[in-house]
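In what follows, a single structure is set out as structure tokens and then discussed.
In our numbering, the protein residues as written are 94 to 147.
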């Protein structure tokens with residue numbers, strides 16, 4: 094497993110299988126992308142006030 098950098102989908106899947114990453118709900122097959130994990134929103138949301146400068 095890499096220490097830094099981008100995690101490929103195989104490593105993301107392995108982290109879930111090993112228990113290093115956990116989710117209260119089972120993941121849908123389309124949530125793990127080639128180098129990302131799509132997270133689902135819950136029933137609560139918080140507004141974060143911030144400004145971004147170019």
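Beta carbons are placed, not taken as given, at the ideal position from N, Cα and C, and that holds for glycine.
Residue from the options whose Cα sits closest to the Cα of residue i
i: residue 124; options: 111, 106 and 137; result: 106
i: residue 114; options: 139, 140, 145 and 130; result: 130
Backbone secondary structure at residue i - three-state DSSP
i: residue 129; result: strand
i: residue 96; result: coil
i: residue 102; result: helix
i: residue 121; result: coil
i: residue 111; result: helix
Residue i versus residue j - alpha carbon distance
i: residue 119; j: residue 135; result: 14 angstroms
i: residue 133; j: residue 96; result: 26 angstroms
i: residue 143; j: residue 137; result: 19 angstroms
i: residue 101; j: residue 140; result: 31 angstroms
i: residue 126; j: residue 103; result: 10 angstroms
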